[in-house]
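Counting with UniProt numbering, you get residues 3 to 472 for the letters of the sequence shown.
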Amino acid sequence: KTYAVWFRSDFRFEDNTALYHAIETAKHDDGKWIAFFHLDPIFTSSIDLHHDYFFRTLEDFRKRCVERGIHLHIIYGKLEEALHQLRQAFPDLKAVFYNRDEAGDAHSRDKQAESWMEDNGVELFSYEDAHIHGPQEVKKKDGTLYKVFTPYFRAWGRQEKPTSYKLDKDALRSYYQMTDSIDHEGENYFEKSILSRCLHDWQAIGEGAALERLESFADTRLNYYKENRDFPKTAGTSRLSPFLKTGVLSPRLVYRTAVTRLETGGAGAETFIQELAWRDFYYMIHAHFPESKNKELTEKYQSMEWETNEERLDMWKKGKTGFPIVDAGMRQLNELGWMHNRLRMVTASFLTKDYMLDWRLGERYFQGKLIDYDASSNIGGWQWAASVGTDAVPYFRVFNPTTQGKRFDPDGSFIRKYVAELAKVPDQFIHEPAKMTGDLKEETKSESYPEPTVDHGLQRKKVIAKFKMI
Ligand code: FAD
């Protein structure tokens, strides 16, 4: 009997629910396990930054598999064809194990897979693995959904936490069935055509890097997380998001690591755990409202008429709005494929409130750029910032980009790092370079930096009026 583990966005050995159960089943049922990844042509036409990071992570995982004597089969093609190919290669295929996705496009793929298994007499075991609590687990007493985070978080906190799974390293090897590649062409295509289009040399990738980062964060920064997390220049946050997204790190391990620090770390660990719950919250919302990628969750705002202005959208994307903290954030995103949370809030607020452009345009831009792109968190974050989501910032609270800069990058060192034109501007003017007079402007060589492209005070009034009308 063959038990197949279908890896998707869970490229790790430690505490991987589907992998653990497949090996245990093979062990107790006199079977063998194999591993595969399905490469769908829809993901290979254009390689965005997050695809680049994803495929590199997959490559790293393949190497880790080889080190353990395992071949991760890559099967290329449409889902049903790929599953048929799997079945042909392993006629005694008894069951497929995977960690499920309950939100977004991946959910439709899971549904399709489910019906294929049913039609073809293959058993299916799927698990909640990528989150601490799945979309069905935290509900009100009457069974309805929480749409506001604070009561959700209280209930989330009361819920018993899932166990972690310790991998049986001997069984991993001894119950594994070694076979030659089942799709030579697909693997060749991945190696030759896909990886050659992944142009970035990521420094931190895969399970090893993730475990190291978790440990160093917990040892040195977690205790100070509450005080430091809002300041982009300090490495105050964990930067674990790309690892959680690619599933090289177990969220349960992250949670438990934080819990063990609660006694000594206090508020830092407490605040950090709350952020993990935000991740679950947005996943739950997205799973129950699959249309939220395109539709405002607050119904009355679905009729909102956003402005269209290609030029402004372009200035925002390039970090040329004339507001230093906004531009620094956008340039950090363009350069690293990651942006600090405070700046995600500031730049999203700027696009939707100061430029009054459609939040969907921003959501799509982040999708193409973020290596931690996660549809649920991104949609949640954008709808929050645009004040159109279930638990959004009230529309009359509009972020002032200059004040945000002064509060969260007081000496402007983060701005100077990313906005080269402002590198020589003195502290006094770093948040409002337009206030410099002629000579100083020339001396600092900041002429090439744009003047503010909108009047924030005026735009604030306009956008509030627009929301009020609805
Ligand atoms: P930490 O502060 O160290 O937090 C630890 C973990 O908690 C993060 O890795 C993340 O998994 C989770 N987390 C933290 N804050 C949030 C939050 N507000 N919502 C959901 N989960 C959270 N996060 C993504 O992972 N992918 C996205 O595509 C994404 N898009 C966003 C778009 C906007 C407009 C906004 C405002 C936020 C977005 N976030 C997104 C949430 C948050 O900005 C990132 O998770 C965080 O910046 C990642 O950095 P970190 O790992 O250092 O976070």
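Every residue, glycine too, gets a C-beta built ideally from N, C-alpha and C. All figures in this text were calculated on a predicted structure; none of them were measured in a lab.
If you draw a straight line from the Cα of P292 to the Cα of H109, it comes to about 9 Å. With fewer than 16 neighbouring CB atoms inside 10 Å of its own CB, N190 falls in the exposed class. Within the model, the alpha-carbon separation for D329 versus V421 is close to 7 Å. Shortest gap from the CB of H342 to any heavy atom of ligand 1: under 7 Å. Nearest Cα to G459 within the set L224, R418, R333 and T404: T404. The Cβ-Cβ distance between S351 and A387 falls below 8 Å.
Taking 7 Å as the cut-off, the C-beta of A350 counts as close to a heavy atom of ligand 1. L60 sits buried, since 16 or more C-beta atoms from the chains shown fall within 10 Å of its C-beta. The beta carbon of E298 is closer than 6 Å to those of Q304 and V390 in its chain, skipping five residues each way along the sequence. The segment 233-244 and the segment 136-148 do not touch, with fewer than 3 CB-CB distances between them shorter than 8 Å. T19 sits in a helix when the DSSP states are folded into three classes. Three or more Cβ pairs closer than 8 Å define a contact, and the segment 394-401 falls short of that threshold against the segment 72-82.
Distance from Q161 to H135 at the Cβ level is roughly 6 Å; contact confirmed, criterion being Cβ atoms closer than 8 Å. For a cut-off of 8 Å, the C-beta gap from F63 to L74 is around 7 Å, short enough to register as a contact. Contact check for D17 and Y167: beta-carbon distance about 5 Å, within the 8 Å limit, so the pair qualifies. Counting of Cβ neighbours within 10 angstroms places E104 among the buried residues, the total reaching 16 or more.
Restricting attention to beta strand (DSSP E) runs no shorter than 3 residues, the UniProt domain "Photolyase/cryptochrome alpha/beta" (3-134) encloses them at 4-9, 34-41, 74-78, 95-101 and 125-129, ordered along the chain. For V7, the number of other beta carbons within 10 angstroms of its own is at least 16, and it is reported as buried. In this structure the segment 424-433 lies against the segment 407-414, because at least three pairs of beta carbons, one per stretch, are closer than 8 Å. In the three-state DSSP reduction, Y178 falls in the strand class (E or B). For ligand 1, a non-hydrogen atom lies closer than 7 Å to the CB of A387. The three-state secondary structure of E423, taken from DSSP, is helix. Here E434 carries a coil assignment [DSSP, helix/strand/coil].
Just so you know, the alpha carbons of K228 and Q179 end up roughly 48 Å apart. DSSP places L372 in the coil class of the three-state scheme, outside both helix and strand. Per DSSP, W318 is one residue of the alpha helix (DSSP H) stretching across E312 to K320. Annotation for R344: D232, P234 and F410 place their beta carbon closer than 7 Å to its own, counting only its chain and skipping 5 residues before and after. C-alpha of T165 to C-alpha of D131: approximately 10 Å in a straight line. The Cβ atoms of F283 and F151 lie closer than 8 Å to each other.
With at least 16 other beta carbons inside 10 angstroms of its own, A289 counts as buried. The alpha-carbon separation between L335 and K443 amounts to approximately 27 Å. Contact check for N311 and L359: beta-carbon distance about 7 Å, within the 8 Å limit, so the pair qualifies. Bounds of the alpha helix (DSSP H) holding F274 are A269 to H290. With a threshold of 7 Å, the Cβ atom of G331 does not count as near ligand 1, since no heavy atom of the ligand is closer than that.
In the same chain as Y177, and ignoring 5 residues on each side of it, the C-beta atoms closer than 7 Å to its own belong to I25, A28, K29, K34 and W35, in chain order.
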